[in-house]
Every structure is written in C-alpha cells, then in structure tokens.
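Enquirer:
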Amino acid sequence: MTASVVSIVYVNDAPAAARFYGDLLGMSPSFETPGYITFDLGPGADLGLWSGQFEDLSPDVPRTSEVCLAIDGGPAELNATFEQWKSNGVTILREPHDAGFGLTFLAADPDGNRIRVAPQD
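Just so we're aligned, residue 1 is where the sequence shown starts under full-length UniProt numbering, counting upward by one.
#1: Going by alpha carbons, who is nearest to GLY44 out of ALA18, VAL5, GLY22, GLY89?
#2: Could you check what DSSP says for ALA45 in three-state terms: helix, strand or coil?
#3: Could you round the C-beta distance between ARG116 and ALA108 to whole angstroms and report it? I think they count as a contact, below 8 Å.
#4: Go through its chain and collect everything with a Cβ distance to SER7's Cβ below 8 Å, but skip five positions before and after it.
#5: So, at 7 Å on beta carbons, what are the nonlocal neighbours of GLY52 in its own chain, with the 5 sequence-adjacent residues on each side left out?
#6: Since ALA17 contacts ASP111 with CB under 8 Å, what's their CB separation in whole angstroms?
#7: Using the Cβ count rule (16 or more neighbours within 10 Å means buried), how would you classify ALA78?
#8: Taking 7 Å as the limit between beta carbons, can you name the residues of its chain near PHE39, skipping five residues before and five after?
#9: If you scan the UniProt domain "VOC" (1-120) from start to end, which runs of the alpha helix (DSSP H) of 4 or more residues do you find wholly inside it?
#10: Given 8 Å as the limit, tell me if SER4 has its C-beta closer than that to any heavy atom belonging to the ligand COA.
#11: Take VAL90 and list the residues in its own chain whose beta-carbon comes closer than 6 Å to its own, dropping the five residues that flank it on each side.
#12: Check whether the Cβ atoms of ALA76 and ALA118 sit closer than 9 Å, and answer yes or no.
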C-alpha cells in the first residue's frame, strides 16, 4: 500500500505556481527543484507542481479535473476564503453555491487549472 498520494498539477512555471499556491495555502513548499515543487498537505497527501511536461499550457484549454481544498469552519469560513481570494485577484470560475454536499466555489490558477473549495467531510 502507498504511504502517500501526490496530486500533480501541470504548470508552465513551477516557481511562479509555487508562489501562487503558497499564498493560497498559507504555507511554504516542502520540496523544491527548478521544475518540480511540492507542498506537504498533511499525513499522506502532497500537492505537486510540475513544469516542462507540456509546452505553453493555456488557461483557455478546458480542464476535466480539479484540485479540491476541503476546509473547516462551515459556510462562514468558505465565504471568507472566497472574499480573500477574490480580493487577491484569483480567477473565480463560479461563485459560492450549494452543490448538494454543501457550499462550494470554483477558481483557477494562472495556468487554468481548476481549484474547488468545499467543506471538509
């Protein structure tokens, strides 16, 4: 059995993407090379940012997957996160709405990768 799961997000510029995700997550990378940077999200979970796998990723290309950040604190915390991201200039794809499992919103990183914020189960 695997000791951890790494969700990999393909980006144009790993250091620039790391600054973006570091600001969103309020943390520093746990591992860094020029083209691959990870964030330790807790026991058994990492977020990897990998550049150089595709050339000229464009935010215009439709995405079929998302990174989901599950947060504590209920609707008030989710709305506060939404307002903070919006005021920081993060691209918002869909404002907070009830999706059946709770309040959620959808954003995008500078490369067009989708980031969903949802309540923790």
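All C-beta atoms in this analysis are idealised placements derived from N, C-alpha and C, irrespective of residue type, glycine included.
Expert: Per the coordinate set shown:
#1: Among ALA18, VAL5, GLY22, GLY89, the Cα nearest to that of GLY44 belongs to VAL5.
#2: Assignment of ALA45 by DSSP, reduced to helix, strand and coil, places it in the strand class.
#3: Not really, about 10 Å apart at Cβ, beyond 8 Å.
#4: Counting only Cβ-Cβ distances below 8 Å, and skipping sequence neighbours, we find ALA45, ASP46, LEU47, GLY48, VAL67.
#5: Within the same chain, Cβ atoms closer than 7 Å to the Cβ of GLY52 are found at GLY35, the five residues on either side in sequence being excluded.
#6: Right, their Cβ atoms sit about 7 Å apart.
#7: Reading off the sequence shown, one finds Leu at residue 78, where the question assumed Ala. Residue burial is scored here from C-beta neighbours: LEU78 has at least 16 other C-beta atoms within 10 angstroms and is therefore classed as buried.
#8: Excluding sequence neighbours, PHE39 sits near TYR21, LEU25, MET27, PRO29, SER30, ASP46, LEU47.
#9: Within the UniProt domain "VOC" (1-120), the complete alpha helix (DSSP H) runs of at least 4 residues are 14-25, 74-87.
#10: Looking for the ligand COA in the displayed structure turns up nothing, as the structure carries no ligands at all.
#11: If we look at VAL90 and ignore the five residues flanking it on each side, its Cβ neighbours are ALA107.
#12: In this structure, the beta-carbon distance from ALA76 to ALA118 does not fall below 9 Å.
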